[in-house]
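Numbering (the UniProt record's numbering), first residue to last: 1 to 706.
Every residue gets a Cβ at the ideal spot worked out from N, C-alpha and C, and that includes glycine.
Everything numeric in this text was worked out from a predicted model, so none of it was measured.
Below: one structure, written as structure tokens.
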């Protein structure tokens with residue numbers, strides 16, 4: 001590389017016109033322009049390298065910001081637009097890509113690069129590569145190959161960051177470049193917000209890599225041009241972002257905050273600059289404080305509605321304007337140039353050795369008490385003139401080197417020969433040292449490469465260690481949780497055992513109660529059967545008595561009828577014998593009276609008997625109703641007992657199943673513990689029982705570490 005030189009970052013400020021929504025809202029135009037480099041907002045001045053008013057054309061912005069193409073002179077360059085959302089960043093960087101008047105910086109600089117190449121010497125050979133990628137949700141995504149969604153940032157041998165694995169496409173004309181841009185834009189993330197219908201949701205970076213070689217002199221120059229369209233900072237209250245758009249806004253504001261921190265650290269001269277806080281600042285590390293000519297276009301809104309955001313953007317630009325970059329030409333020296341440089345350095349070393357010899361001789365003379373004349377003393381100005389002449393390949397023919405004059409003027413032939421031998425010896429040592437230095441330089445470069453590899457390996461190892469530590473912590477937490485779970489399972493097993501004993505005792509009690517109820521039921525059934533038999537006998541006896549009473553009444557009525565007939569016949573025969581009739585009548589009367597008394601007695605006895613039978617029948621009916629009620633209550637009780645019996649049988653079955661499962665688990669647990677004691681006698685001491693959530697069974701038992 002050529003000698004480095006310092007240059008400030010150029011900051012241009014551009015204001016867009018008021019948009020339709022701001023006009024309809026009646027917002028004020030708060031910006032006042034003072035000259036071409038200063039603006040006023042609320043009586044506070046802001047100075048930049050150039051200020052563009054709202055009516056500035058795209059061509060004028062390009063001519064002042066990016067017309068001079070440093071990339072073709074071997075320099076690195078960066079142009080990026082910064083500002084709030086809907087402030088005109090994409091319009092400034094891209095514009096209308098295929099409109100001659102409306103296209104922005106990127107299409108114009110592409111046209112000028114190829115026009116400049118076409119007009120240059122035919123001995124120059126150019127190789128141009130382009131890349132196009134975006135930073136979306138802090139992940140680098142290749143816009144020319146959508147399958148590459150999370151690229152990483154690495155450093156080359158010169159510690160310059162680059163995106164590893166990004167698609168590089170060789171181009172030969174502006175049309176090929178524009179086709180590449182169109183392809184990338186179709187894959188870029190955009191969304192609709194309250195402030196912008198085509199809001200960019202990512203930071204896009206278009207990289208142009210130019211290498212040129214002079215076929216005659218074999219001189220090679222290289223340069224990179226970063227054209228960056230940053231996503232705008234957002235206030236959620238104004239944009240109305242929700243869901244995924246809100247997450248995008250958070251990441252955009254986070255990366256822009258990291259960029260602001262880098263700018264602040266560089267502006268304050270801080271020893272630590274947080275480039276690694278964001279992938280965007282990591283990629284732009286060389287553009288901010290490194291080997292790059294950087295131009296920042298801050299895009300602002302003139303509306304009073306966005307006054308706070310505009311002031312914040314202007315302060316960002318003022319801080320960035322104080323940053324200095326150290327730029328140099330990226331040139332690859334040819335073998336001849338390296339040889340000339342080596343010869344020049346060799347002559348410098350020779351002159352310095354002569355100067356050292358001169359000073360040593362002069363010092364020895366002073367130490368020996370000899371006074372050295374002024375004309376023989378070391379002349380610093382003449383030595384500097386010699387060094388300058390050697391450095392510029394200028395030989396001073398009129399004067400000999402001061403050191404040589406001083407050394408040889410006062411020496412004898414033997415001393416001169418001795419000095420020449422010493423000088424030859426020193427030259428040989430110097431050549432050996434040069435060779436050793438060359439070897440050491442190569443070794444240093446090799447060690448630097450190894451150190452970078454080791455640093456990367458160390459970082460990877462640290463990441464792996466952190467991951468392993470996190471995994472170890474997770475496993476430890478799982479182990480603790482498993483131990484707690486084992487305790488809970490053992491406690492649950494103990495509770496199940498206690499419950500099982502209680503249930504077993506309860507089953508035994510219920511079984512005994514069931515047996516007692518069964519015996520009582522059998523007794524009640526036998527009693528009911530005997531009562532039914534007795535009731536049947538009473539019914540038969542009642543029927544028999546009713547039948548006898550009916551027969552007696554029928555017999556009595558028959559006798560009365562016969563008596564009536566007999567009496568009637570006597571009346572008929574009355575005329576034949578009155579005396580006999582009277583006698584017979586008397587007999588009949590006595591007989592009738594006797595029969596009447598007997599009938600009355602019989603009727604009384606029958607009535608009494610019937611009353612007794614009716615009372616006994618009523619008592620039997622009462623007993624029957626009582627027995628029927630008792631039978632119903634016993635039937636209901638029997639049904640309840642049957643239902644309890646079924647429930648107890650079901651409970652016994654379920655408890656039996658649980659007992660079988662617990663015995664099976666105990667068997668498996670004992671088998672696994674015996675297996676663990678054999679296979680892991682010292683490394684493991686606990687078990688983790690994983691319980692299936694559907695069946696409640698233990699699915700498997702995992703050994704846990706100590």
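- Residue 656 and residue 628 have their alpha carbons spaced roughly 41 Å apart.
- In the DSSP secondary-structure assignment, residue 417 is not bridged to any residue.
- Rounded to the nearest whole angstrom, the C-alpha separation of residue 19 and residue 54 is 11 Å.
- Pairing residue 210 with residue 200 gives a Cβ-Cβ distance that is not under 9 Å.
- Looking from the CA of residue 125, the closest CA among 373, 216 and 462 belongs to 216.
- The beta carbon of residue 109 is closer than 6 Å to those of 66 in its chain, skipping five residues each way along the sequence.
- Approximately 18 Å separates the beta-carbon atoms of residue 130 and residue 160; this is outside 8 Å, ruling out the contact.
- The DSSP assignment places 89-93 and 105-118 as complete runs of the alpha helix (DSSP H) inside the stretch 79-155, in order along the chain (cut-off: 4 residues).
- With 16 or more neighbouring CB atoms inside 10 Å of its own CB, residue 13 falls in the buried class.
- Looking only at 62, 74, 115 and 137, the smallest Cα-Cα distance to residue 102 is reached by 62.
- Contact check for residue 6 against residue 325 passes: the beta carbons are separated by less than 9 Å.
- The beta carbon of residue 111 sits closer than 6 Å to the beta carbons of 174 from its chain, once the five residues preceding and following it are set aside; these are given in chain order.
- Residue 302 places its beta carbon 9 Å or farther from that of residue 25.
- Here DSSP, grouped into helix, strand and coil, assigns residue 657 to helix.
- For residue 312, the enclosing alpha helix (DSSP H) starts and ends at 307-321.
- Residue 218: not part of any beta strand (DSSP E); DSSP gives it neither H nor E.
- Put simply, of 59, 75, 46 and 72 the residue whose alpha carbon is nearest the alpha carbon of residue 91 is 59.
- Following the DSSP letters along the chain, one finds residue 60 inside the alpha helix (DSSP H) bounded by residues 58-65.
- One alpha carbon belongs to residue 461, the other to residue 222, and they sit about 35 Å apart.
- At the C-beta level, residue 186 and residue 248 stay beyond 9 Å of one another.
- By a beta-carbon distance limit of 8 Å, residue 617 contacts residue 542. Their separation comes to about 6 Å.
- Taking the Cα positions, residue 260 is about 36 Å away from residue 444.
- Sixteen is the threshold: since fewer than 16 other Cβ atoms of the shown chains lie within 10 Å of the Cβ of residue 342, the residue is exposed.
- Its Cα nearest to that of residue 513, the residue 644 stands out among 96, 660, 369 and 644.
- Here residue 331 is bridged, per DSSP, to 221.
- Per DSSP, residue 39 is one residue of the beta strand (DSSP E) stretching across 38-41.
- One thing to note: residue 232 has its Cβ no nearer than 9 Å to the Cβ of residue 78.
- Burial is judged here by how many other beta carbons sit within 10 angstroms of a residue's own beta carbon; residue 119 has fewer than 16 and is exposed.
- Separation of residue 75 and residue 285 (C-alpha to C-alpha, rounded to the nearest whole angstrom) is 15 Å.
- Taking C-beta atoms as the reference points, residue 139 and residue 448 fail to come closer than 9 Å.
- In the structure shown, residue 620 falls within a helical segment according to DSSP collapsed to helix, strand and coil.
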